[in-house]
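Undergrad:
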Amino acid sequence: MLGRFRAAYQDEGIGADVVLAVLARRPTRPLDFDRRVKAVSHFRTLDAALALAAANKRVSNILAKVEGELPTAVKPELLVDAAEKALATQVAELQAELAPLFAAGDYQAALTRLAALREPVDTFFNEVMVMADDEALKANRLALLNNLRNLFLQVADISLLQ
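Note that the sequence shown covers residues 109 to 270 in the numbering used here.
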């Protein structure tokens, strides 16, 4: 079945990496699967797509090294750098803004909005040391990255895009 999906989408000019990124989320309804594939395919055409895919791969690698349960609660009082404050604000705003889009299956609109995170994500990685010596700061930064990654994972695992 997977081979048929991949072949059908390739006939439409959609890359195998797009299909695999969507399959990583294991959608169970064909229409939902199709919406996700088309949304990710559109996302790839955006200027921010490759940078965000690379950033998501970096986030995935960082989070994969964490032992135990990943933190999810970001504590505003532990946001010390301007870059992490800016990213945390945007992630929190997008969590609220995108919830109805995800619920409606409007994945293209959601990913288009998520593309706005390119600059704050780039700035975050340029200015913030995630694995800080202070365990509380480190846990807070990991929670922020986990929340960021979970926004994208509601559509597909874009870290698989090439």
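Yeah, the Cβ is synthetic: ideal placement off N, Cα and C, and Gly gets one too.
Keep in mind the model is a prediction, meaning the values are calculated, not measured.
So the candidates are Val126, Ala116, Leu195, Ala207; which of them puts its Cα closest to the Cα of Phe151?
TA: As a working mapping, residue 151 is identified with position 43 in the sequence shown. Checking every option, the nearest Cα to that of Phe151 belongs to Val126.
Undergrad: What is the DSSP secondary structure of Lys183, reduced to helix, strand or coil?
TA: The residue given as residue 183 occupies position 75 in the sequence shown. Here Lys183 sits in coil by DSSP.
Undergrad: Which two residues bound the contiguous alpha helix (DSSP H) that contains Ile170?
TA: For the purposes of this step, residue 170 is taken as residue 62 along the sequence shown, with counting starting at 1. Element bounds for Ile170: 157 to 172.
Undergrad: State the Cα-Cα distance for the pair Arg144 and Asn254, rounded to the nearest angstrom.
TA: Residue 144 sits at position 36 when you count from the first residue of the sequence shown. Residue 254 sits at position 146 when you count from the first residue of the sequence shown. Whole-angstrom Cα-Cα distance: 21 Å.
Undergrad: Using C-beta distances below 7 Å, list every residue in its chain close to Phe113, excluding the 5 sequence neighbours before and after it, in chain order.
TA: For the purposes of this step, residue 113 is taken as the residue at position 5 of the sequence shown. Cβ neighbours of Phe113 beyond the five flanking positions: Val127.
Undergrad: Flag this pair as touching only if the region 179 to 192 and the region 211 to 222 have three or more C-beta atom pairs under 8 Å; answer yes or no.
TA: As far as the Cβ criterion goes, the region 179 to 192 does not touch the region 211 to 222, which means the pair count is below three.
Undergrad: Relative to the alpha-carbon of Leu222, which residue among Ala190, Arg257, Val236 has its alpha-carbon at the smallest distance?
TA: Position 114 of the sequence shown, counted from the first residue, corresponds to residue 222. Comparing Cα-Cα distances from Leu222 to each of Ala190, Arg257, Val236, the minimum goes to Arg257.
Undergrad: How big is the Cα-Cα spacing for Pro228 and Ala147?
TA: Taking the sequence shown and counting its residues from 1, one reaches residue 228 at position 120. Taking the sequence shown and counting its residues from 1, one reaches residue 147 at position 39. The alpha-carbon atoms of Pro228 and Ala147 are separated by roughly 22 Å.
Undergrad: Any idea if Asp155 is buried or exposed, counting beta-carbon neighbours within 10 angstroms, 16 or more meaning buried?
TA: Your numbering for residue 155 matches position 47 in the sequence shown. So Asp155 ends up on the exposed side.
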